[in-house]
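Numbering (the working numbering), first residue to last: 383 to 516.
No residue lacks a Cβ here, since even glycine has one placed at the ideal position from N, Cα and C.
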């Protein structure tokens, strides 16, 4: 946690997510409820061993990404999805991964959340790679 490069990565890649929390478009309780719903849906999809290209998983991915869009960005969902996903995918640095692994050791519940996040990222990556296919 004291690694200067980890702190730099965290500030550069994670700070925009915190800014969303400080400029909410929806109430915090609604935001938390939506995130919890996505966590449950991801957990169910993983338990059912659904593939990342399944319509159910892709619906979860879409719902997750669009939570971060404002009304203007929602008008062009494809452009927002592409921009947001590219940003999120580069935000998973080696040091952020190391932090998540350490948290998983300290708290086994973190491991479940981290695996769910990794599953979502895989779904986002798949959709990004297949967006231009007809």
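In terms of Cβ geometry, residue 481 and residue 424 do not form a close pair [threshold 7 angstroms]. Shown here for residue 494: same chain residues with a beta carbon closer than 8 angstroms to its own, the five before and five after excluded, namely 425 in chain order. When C-alpha distances from residue 445 are compared across 469, 490, 422, the shortest belongs to 422. Ranked by Cα distance from residue 439, the first of 490, 473, 508 is 508. In the three-state scheme derived from DSSP, where H, G and I count as helix and E and B as strand, residue 506 is classed as helix. In the three-state scheme derived from DSSP, where H, G and I count as helix and E and B as strand, residue 417 is classed as helix.
Only residues of its own chain outside the window of five on either side were considered, and among them 477 have a CB closer than 8 angstroms to the CB of residue 385, listed in chain order. Around the CB of residue 467, 16 or more other CB atoms lie within 10 Å, so the residue is classed as buried. Beyond the five residues adjoining it in sequence on each side, residue 464 comes within less than 7 angstroms, by CB distance, of 510, 513 in the same chain, given in chain order.
Around the beta carbon of residue 487, fewer than 16 other beta carbons sit within 10 angstroms, so the residue counts as exposed.
With fewer than 16 neighbouring CB atoms inside 10 Å of its own CB, residue 441 falls in the exposed class.
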